[in-house]
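Each position in the sequence shown, counted from 1, maps to that position plus 4 in the numbering used here. Glycine included, C-beta positions come from ideal geometry on N, C-alpha and C.
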Amino acid sequence: MKKKSKSQFARYSWQDKTLLTIGYVLIGLFVLAIIIPMIYVVVASFMDPVELQNKGITFDFSKWTVTAYQRVMSNASIWIGFKNAVIYSILFTIISVTVTLLVAYPMSRTDFVGRKFINVIFVITMFFGGGLIPTYLLISKLGLLDSMWAVILPGAFSVWNMIIARTYFQGIPTELREASEVDGANELAFFFKILLPVCMPIIATLALWQFVGMWNSYFDAMIYLNDSAKQPLQLVLRSILIQNQPDSGMISDMQSTAQRAQLAELLKYATIIISSLPLLVMYPFFQKYFDSGVMAGSVKG
5 MKKKSKSQFA RYSWQDKTLL TIGYVLIGLF VLAIIIPMIY VVVASFMDPV
55 ELQNKGITFD FSKWTVTAYQ RVMSNASIWI GFKNAVIYSI LFTIISVTVT
105 LLVAYPMSRT DFVGRKFINV IFVITMFFGG GLIPTYLLIS KLGLLDSMWA
155 VILPGAFSVW NMIIARTYFQ GIPTELREAS EVDGANELAF FFKILLPVCM
205 PIIATLALWQ FVGMWNSYFD AMIYLNDSAK QPLQLVLRSI LIQNQPDSGM
255 ISDMQSTAQR AQLAELLKYA TIIISSLPLL VMYPFFQKYF DSGVMAGSVK
305 G
């Protein structure tokens, strides 16, 4: 009879087994620390406000309700903020990724004159900034106050993302450039028709980072936008989650202060779920690019 082959884990020494076991336990705890709050928020968003406040969450579906979602979905400020957040995030992602790639390519070329000096200037901006007041004055002088460009343009270029894209470009074989030169391709043709198609992992990774960053951002909008019709979803959520001040239309039919407080608490969970849906939908489509993109430069620095 053939002997059963040992599993890979059984071949390890006891020291390796101990380290792996500790690692698995820590990963398990980390996963639980993420999943348990998510389950709580999802279940709480369907709970009756009184039941949730008195007894906590329950998996008895007869005590669940979609009241919070109905009120959130029927509120105009949520939809306006959602529309603004989508527009800002898409425009910011397109502009940011485009500018980053256009800067990263010449910075990746060793024959680019002044490359080291410009790189030093870029790195300095990562550690030193003008601060909020000079930035606000600059935005005001440029006439961008209370416009979406005040939210989109100031942070459109990220030096950190440029460095990652530059490192990725440096990992592209030089033979690709040489072959394009033999075929008569100029710099623009090489960049747009040859280089970018083979750099989809880093492009997708940068796009995901920038979209998520703008989607979750609220501070710039809070500083530069005064018109409520231009405010993104995160400012609406801030008033509900942090300031505990949901739009009056969501709770106007509640008679008592206690009922309003209970419903306001319930609305928090529903708005968290709704605001997270776009990001949850995006990740599966970017997953195949994310691993190779985020590991750019991990071996070749």
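On the CB-based measure, 16 or more other CB atoms within 10 Å of its CB, does Pro138 come out buried or exposed? Translated into the one-based positions of the sequence shown, residue 138 becomes position 134. For Pro138, the number of other beta carbons within 10 angstroms of its own is below 16, and it is reported as exposed.
Tell me, which residues are paired with Trp18 by DSSP? Here the question's residue 18 lines up with position 14 in the sequence shown. Trp18 is not bridged to any residue.
Per-residue DSSP class, three states only, for Met51: Translated into positions along the sequence shown, residue 51 becomes position 47. Collapsing the DSSP output to three states places Met51 in a strand.
C-alpha distance - Thr71 paired with Ala211, whole-angstrom precision: Against the sequence shown, residue 71 aligns to sequence position 67. Against the sequence shown, residue 211 aligns to sequence position 207. Approximately 35 Å between the Cα atoms of the pair.
If you drop the 5 nearest sequence neighbours on each side, which residues of the same chain put their C-beta closer than 7 Å to that of Tyr44? For the purposes of this step, residue 44 is identified with residue 40 of the sequence shown, where counting begins at 1. Closer than 7 Å at the Cβ level, and outside the excluded window around Tyr44, lie Ile61.
Would you mind sorting Trp219 into buried or exposed? The rule is 16 or more other CB atoms within 10 Å of its CB. As a working mapping, residue 219 is identified with position 215 in the sequence shown. Counting the other CB atoms within 10 Å of its CB gives Trp219 a total of 16 or more, which places it among the buried residues.
Work out the CA separation of Tyr28 and Ala14 for me, nearest whole Å. Your numbering for residue 14 matches position 10 in the sequence shown. Your numbering for residue 28 matches position 24 in the sequence shown. When rounded, the distance between both Cα atoms is 15 Å.
With a 10 Å radius around its C-beta and 16 neighbouring C-beta atoms as the bar for buried, classify Tyr287 as buried or exposed. Taking the sequence shown and counting its residues from 1, the one referred to as residue 287 is at position 283. Its Cβ having fewer than 16 others within 10 Å, Tyr287 is exposed.
When you compare each of Met130, Leu239, Ala169 and Gln214 to Leu283 by their alpha carbons, which one comes out closest? By 1-based counting over the sequence shown, the position of residue 283 is 279. Out of Met130, Leu239, Ala169 and Gln214, Gln214 has the C-alpha closest to the C-alpha of Leu283.
Would you say the stretch 192 to 204 touches the stretch 111 to 129, given that touching needs at least three Cβ pairs under 8 Å? no
Taking Cβ positions, are Leu105 and Ala169 nearer each other than 8 Å? Sequence index remark: in the sequence shown, residue 105 carries index 101 (1-based). Sequence index remark: in the sequence shown, residue 169 carries index 165 (1-based). In this structure, Ala169 lies closer than 8 Å to Leu105 by Cβ.
Using only the alpha-carbon positions, how far apart do Met77 and Val90 sit? Taking the first residue of the sequence shown as position 1, residue 77 is located at position 73. Taking the first residue of the sequence shown as position 1, residue 90 is located at position 86. Cα to Cα, Met77 sits roughly 16 Å from Val90.
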